[in-house]
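Residue numbers (the working numbering), protein chains in the order written: chain A, 4 to 316; chain B, 4 to 316.
2 protein chains.
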Amino acid sequence: MQDLLARLTSGEPRALARAISVVEEGAADADALLSTVFPKTGRAMVLGVTGSPGAGKSSLVDRLIHHYRRAERRVGVVAIDPSSAYSGGAILGDRIRMQEHASDDGVFIRSMATRGHLGGLAKTTSDVVDLMDAAGYDPILIETVGVGQDEIDVVRAADIVVVLLVPGMGDDIQAIKAGILEIADLFVVNKSDRPGADRLIADLDFVLGLVHGIPGEKPQILKTVAIRDEGVVEMRDAIDTLYEGRIDRRRERRRERAKSRFHAILAERLTARVLHDALGEGEESSIIDAIADRKTDPYRAVERILASVKVTS
Amino acid sequence: MQDLLARLTSGEPRALARAISVVEEGAADADALLSTVFPKTGRAMVLGVTGSPGAGKSSLVDRLIHHYRRAERRVGVVAIDPSSAYSGGAILGDRIRMQEHASDDGVFIRSMATRGHLGGLAKTTSDVVDLMDAAGYDPILIETVGVGQDEIDVVRAADIVVVLLVPGMGDDIQAIKAGILEIADLFVVNKSDRPGADRLIADLDFVLGLVHGIPGEKPQILKTVAIRDEGVVEMRDAIDTLYEGRIDRRRERRRERAKSRFHAILAERLTARVLHDALGEGEESSIIDAIADRKTDPYRAVERILASVKVTS
C-alpha cells in the first residue's frame with residue numbers, strides 16, 4: 004500500500020492503473036488510499052468535454068491531447084461510456100483509442116461504464132480524477148455524451164465545461180438544453196466546414212442570449228474541424244485563458260464538488276452502517292418483502308430505523 | 004389532509020394534481036400522505052416506454068392511450084423530460100399533449116423535469132406512480148428518452164419495459180445498448196413503413212440473441228406506424244399478455260423497486276438527520292471549505308461523523 008502510494012505519486016502509470024482498480028472495485032483499502040492521496044490533489048485543471056454521439060468528440064479530444072503533449076503536459080482522460088450492464092464497459096473504444104497513445108507514458112486513458120458504481124458515477128469519477136491528479140496528470144479530461152442527469156453531474160464537477168456541437172443534427176440544440184446549457188463555459192462547433200455551421204452558431208448564440216441575462220457572461224463559441232486539426236490550438240488556448248481568468252468560479256465549483264462528494268460518501272457509509280447495526284440477519288429482506296406486498300410502507304419502515312439512531316456530539 | 008386523501012382515492016383528478024404537488028415540493032405532509040396512500044397501491048400495471056427523441060414516442064403513447072380508453076381503462080402518464088435546469092420543466096410539451104385529452108377525466112398526464120428531485124428522479128417517479136395508482140389509474144405509463152442512468156433506473160421500476168426504435172437513425176441500436184437492452188420486455192419498431200425497417204429488425208434480433216442466452220427469453224419485436232394507428236392494438240394486447248404471463252418477473256421487479264425505494268428514503272432521511280444532530284451551526288460549511296482547500300479529505304470527515312452515531316436495537 005505504502006509502496007503503491009509512492010509509485011503513484013511519482014507518476015508511474017502502472018501504479019495509477021492499480022490504484023484505479025482498487026477504487027473501482029471498492030476494495031477495503033480504497034478509503035485509506037483516497038484519504039492519503041487527497042492532500043496531493045487539487046492541482047490539475049479538470050476539463051469536462053461533452054457532446055452527442057457523432058459530434059466527433061473522440062477526434063477532437065485526441066487532437067487536444069496531441070497539442071497538450073506538444074506543450075509537454077501529461078494528460079489524463081476519463082471516458083464515460085453509456086455502456087451496457089451486460090458488456091460491462093466499452094472496452095473496445097478504450098482499446099482503439101489507446102493504440103494512438105499506447106507508447107506515450109504522458110497520456111493515461113481510462114474508460115468507465117455508466118453502470119454499477121457504488122455511490123454513483125459522479126463519486127467514482129471524482130475518485131479517479133483525484134488519483135490521476137496525485138499522479139501528476141494535468142490537465143485531466145472527463146469525456147461524456149452528456150445526456151443523463153448522472154452524466155451532467157459528472158461534467159458539472161469539472162473546472163471548465165466544453166460542449167461540442169455539430170451542424171446538421173437537428174436535435175442538437177434541443178438535446179443540449181438538457182441542463183448543460185447553463186453550466187457550459189465554452190461551446191465548440193466541430194465539423195464546422197459542413198453546411199449549416201453558421202446557422203447553428205447563430206441559433207446557439209440566440210439561445211445563449213436568453214439563458215445568460217448578463218451579456219458578459221455569455222460563453223464563447225469556437226469553430227473546429229478536428230480531423231484536419233483546424234481550430235484545436237485556439238480551443239486549447241481559449242480553455243487555458245478561461246481557467247486562468249475565472250478563479251472565483253473555479254473556487255465555487257470546487258466547493259460544490261467538495262459538498263456533493265461529502266454528502267455522497269456520508270449517505271453511502273451511513274446507510275450501510277445503520278442497516279448493519281440496526282437490523283438482524285434476514286430482517287432487511289423481510290422489510291423489503293413487506294413493502295413489496297404493501298404490508299408496510301417505506302416511509303414507516305425508515306421511521307422505525309431512524310428511531311434507533313442516536314447522535315452523540 | 005384527510006379530505007385530500009378521500010378525494011384522491013375516489014379518483015378526483017384535481018385532488019391527484021394537488022397530491023402530486025405536495026410530494027414534488029417535498030412539503031412536510033408528503034411523507035404522511037405517501038404513507039397513508041401506500042396500502043391502496045400496487046394494483047396498476049406500470050408500463051415503461053422509452054426511445055430516442057424522434058422515434059415517435061409521443062404519437063405512439065397517444066394512440067396507446069386512445070386504445071386503453073376504448074377499453075374503458077383510466078390511464079395515468081408520467082412523462083420524464085430531460086429539461087433544462089433553467090426552464091424548470093417541459094411545460095410546453097405537457098400543454099400540447101394535454102389538449103388532446105383535456106376534456107377526458109380518464110387520462111391524467113404529468114410531465115416531470117429530470118432535474119432537482121430530492122432523493123432522485125426514480126424516487127419521485129415512484130411516488131407519483133403511487134398517487135396515480137391510489138387514484139385508480141391503470142395502466143400507468145412512464146415515458147422517458149431513456150438515455151441517462153437515472154432514466155434507466157426510472158424505467159427499470161416498471162412492470163413492463165417497452166423500447167421504441169425507428170429505422171434510419173444509425174445510432175439507434177448503439178444508443179439502446181446503454182443498459183436498456185437487458186431490461187426490455189418488448190421492442191417496437193415505429194415508422195415501420197420507412198426503408199430500413201426490416202434491416203433494423205434483423206440487426207436487433209441478432210443483438211438480442213447475443214444478450215439473451217436462452218432463446219425463450221428473447222423479447223418480441225413488433226412493428227407500428229403510430230400516425231396511421233397501425234399495429235397499436237396489437238402492441239397493447241402484447242403488453243397485456245406479457246403482464247399476465249410474467250407473474251414471477253413482475254414480483255421480482257416489484258421487490259427490486261421496494262428495495263431501491265427503501266434504500267433511497269433511508270439514505271436521504273438518515274443523512275439529513277445525522278448532519279443536523281452531529282454538526283453545529285456553520286460546521287458543515289467549514290467541513291466543506293476544508294475539503295475544497297484539501298485541508299481534510301471527505302473520507303476522514305465522514306469517519307469523524309460516523310463515530311458519533313450509535314445504533315440501539
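All C-beta atoms in this analysis are idealised placements derived from N, C-alpha and C, irrespective of residue type, glycine included.
Using only the alpha-carbon positions, how far apart do B/Phe41 and A/Tyr302 sit? For the purposes of this step, residue 41 of chain B is taken as residue 38 along the second sequence, with counting starting at 1. For the purposes of this step, residue 302 of chain A is taken as residue 299 along the first sequence, with counting starting at 1. So the two alpha carbons sit approximately 9 Å from each other.
Decide yes or no for the touch test of the stretch 233-240 of chain A against the stretch 207-221 of chain A: beta carbon pairs closer than 8 Å, at least 3 of them. no
DSSP beta-bridge partners for B/Arg253? Counted from its first residue, the second sequence places residue 253 of chain B at position 250. B/Arg253 is not bridged to any residue.
Could you pull out every residue in the same chain whose Cβ sits closer than 8 Å to the Cβ of A/Asp32, ignoring the five residues on either side in sequence? Against the first sequence, residue 32 of chain A aligns to sequence position 29. Excluding residues within five positions, the ones whose Cβ falls inside 8 Å are Met4 and Val25.
So, with DSSP's three-state summary, where would you put A/Arg113? Residue numbering aside, residue 113 of chain A sits at position 110 when the first sequence is read from its first letter. Residue state, collapsed to three classes: strand.
Below 7 Å CB to CB, which residues in the same chain sit around B/Glu287 once its five sequence neighbours on both sides are set aside? Translated into positions along the second sequence, residue 287 of chain B becomes position 284. Counting only Cβ-Cβ distances below 7 Å, and skipping sequence neighbours, we find Leu278.
Pick out whichever of A/Arg254, A/Val157, A/Ile217 and A/Ala241 has its Cα sitting closest to the Cα of A/Asp188. Sequence index remark: in the first sequence, residue 188 of chain A carries index 185 (1-based). The candidate whose alpha carbon is nearest that of A/Asp188 is A/Ala241.
With 8 Å as the threshold, decide whether the Cβ of B/Tyr246 is near any Cβ in chain A. Numbered from its first residue, the second sequence carries residue 246 of chain B at position 243. No, B/Tyr246 does not count as interfacial toward chain A.
Where does the unbroken beta strand (DSSP E) through B/Thr53 begin, and where does it stop? In the second sequence, residue 53 of chain B corresponds to position 50, counting from 1. Segment Val49 to Gly54, the beta strand (DSSP E) holding B/Thr53.
Under 8 Å, with one C-beta from each stretch per pair, do the stretch 258-267 of chain B and the stretch 122-141 of chain B reach the 3-pair mark? yes
Residues of the stretch 192-225 of chain A whose Cβ lies closer than 8 Å to any Cβ of chain B, in chain order: Val214
Does the distance from the C-beta atom of A/Lys313 to that of B/Thr315 stay below 8 Å? By 1-based counting over the first sequence, the position of residue 313 of chain A is 310. By 1-based counting over the second sequence, the position of residue 315 of chain B is 312. Yes, the pair counts as a contact, with Cβ atoms nearer than the cut-off.
In chain order, what residues of the same chain have a beta carbon less than 7 Å from the beta carbon of B/Arg21, not counting five sequence neighbours either side? Your numbering for residue 21 of chain B matches position 18 in the second sequence. Around B/Arg21: Leu7.
Under 7 Å Cβ-Cβ, which residues of chain A neighbour B/Thr274? Along the second sequence, one-based indexing puts residue 274 of chain B at 271. The contacting residues are His266, Leu269, Ala270 and Leu273.
According to a CB-to-CB cut-off of less than 7 Å, which residues of the stretch 9-42 of chain A neighbour chain B? Asp34, Leu37, Ser38, Phe41 and Pro42
Can a CB atom of chain B be found closer than 8 Å to the CB of A/Ala261? Here residue 261 of chain A refers to the residue found at position 258 of the first sequence. A/Ala261 counts as touching chain B.
Spatial neighbours of B/Val214 within its chain, please: CB distance less than 7 Å, with the 5 preceding and 5 following residues excluded, ordered by chain position. Here residue 214 of chain B is taken as the residue at index 211 of the second sequence, counted from 1. Here the set comprises Leu184 and Glu185.
Please list, in chain order, all residues of the same chain as B/Thr299 whose beta carbon is under 6 Å from its beta carbon, the five residues on each side excluded. Position 296 of the second sequence, counted from the start, is the residue given in the question as residue 299 of chain B. Excluding sequence neighbours, B/Thr299 sits near Ala293.
Which runs of the alpha helix (DSSP H) fall wholly inside the stretch 188-271 of chain B and span at least 4 residues, in chain order? 200-214 and 235-248
Coarse secondary structure for A/Leu167, derived from DSSP in three states: Within the first sequence, residue 167 of chain A is the residue found at index 164, counting from 1. In the structure shown, A/Leu167 sits in a strand (DSSP, three-state: E or B).
Taking the alpha-carbon of B/Leu2 as reference, which of B/Asp243, B/Phe265, B/Val305 and B/Glu255 has the nearest alpha-carbon? Residue 2 of chain B lies beyond the range of chain B shown here (4 to 316); nothing can be said about it.
CA nearest to the CA of B/Ile163, picked from B/Val169, B/Ile143 and B/Glu284: Sequence index remark: in the second sequence, residue 163 of chain B carries index 160 (1-based). It is B/Ile143.
For A/Gly54 versus A/Leu167, is the C-beta distance shorter than 8 Å? Numbered from its first residue, the first sequence carries residue 54 of chain A at position 51. Numbered from its first residue, the first sequence carries residue 167 of chain A at position 164. Yes, they are a contact pair.
Burial state of B/Glu28, where buried means 16 or more other Cβ atoms lie within 10 Å: Position 25 of the second sequence, counting from 1, holds the residue named residue 28 of chain B. Answer is exposed; the Cβ neighbour count stays below 16.
How long is the line joining the alpha carbons of A/Leu273 and A/Arg307, rounded to whole angstroms? Your numbering for residue 273 of chain A matches position 270 in the first sequence. Your numbering for residue 307 of chain A matches position 304 in the first sequence. Spanning the two alpha carbons is a distance of roughly 16 Å.
State yes or no: is the C-beta of A/Ile112 within less than 8 Å of the C-beta of A/Val157? For the purposes of this step, residue 112 of chain A is identified with residue 109 of the first sequence, where counting begins at 1. For the purposes of this step, residue 157 of chain A is identified with residue 154 of the first sequence, where counting begins at 1. Result no, Cβ atoms of A/Ile112 and A/Val157 do not sit closer than 8 Å.
CA-to-CA distance, B/Ala138 to A/Gly248, given in whole angstroms: As a working note, residue 248 of chain A is residue 245 in the first sequence. As a working note, residue 138 of chain B is residue 135 in the second sequence. Approximately 55 Å, taken between the alpha carbons.
Out of A/Glu15, A/Ala47 and A/Leu11, which one is the CA nearest neighbour of A/Leu36? Taking the first residue of the first sequence as 1, we reach residue 36 of chain A at position 33. Per the Cα distances, A/Leu11.
Residue environment, A/Glu146, which counts as buried when at least 16 other CB atoms sit within 10 Å: Start at 1 with the first residue of the first sequence, and residue 146 of chain A comes out as number 143. Under this definition A/Glu146 is a buried residue.
Could you pull the start and end residues of the alpha helix (DSSP H) that B/Thr128 belongs to? On the second sequence, position 125 is the one that residue 128 of chain B refers to. Residues Leu124 to Ala137.
Taking DSSP as the reference, what is the three-state secondary structure of B/Val26? On the second sequence, position 23 is the one that residue 26 of chain B refers to. In the structure shown, B/Val26 sits in a helix (DSSP, three-state: H, G or I).
According to DSSP, simplified to helix, strand and coil, what is A/Asp34? Locating residue 34 of chain A in the first sequence gives position 31, counting from the first residue. Three-state result, A/Asp34: helix.
Look up B/Val78 in the DSSP assignment and say whether it is helix, strand or coil. The count along the second sequence starts at 1 and reaches residue 78 of chain B at position 75. Of the three classes helix, strand and coil, the one that applies to B/Val78 here is strand, per DSSP.
Under 8 Å, Cβ to Cβ, is there at least one residue of chain B near A/Leu7? Residue numbering aside, residue 7 of chain A sits at position 4 when the first sequence is read from its first letter. So no, A/Leu7 is outside the interface.
Consult DSSP for A/Gly91 and reduce its assignment to one of helix, strand or coil. What you label residue 91 of chain A is simply residue 88 of the first sequence in a count that begins at 1. Note that A/Gly91 scores a pLDDT of 35, beneath 50, so its modelled location is shaky and nothing firm can be said.
Write down the C-beta distance between A/Asp136 and A/Thr44 rounded to the nearest angstrom, noting that I regard them as a contact closer than 8 Å. Position 133 of the first sequence, counted from the start, is the residue given in the question as residue 136 of chain A. Position 41 of the first sequence, counted from the start, is the residue given in the question as residue 44 of chain A. The Cβ separation is near 4 Å, so the contact holds.
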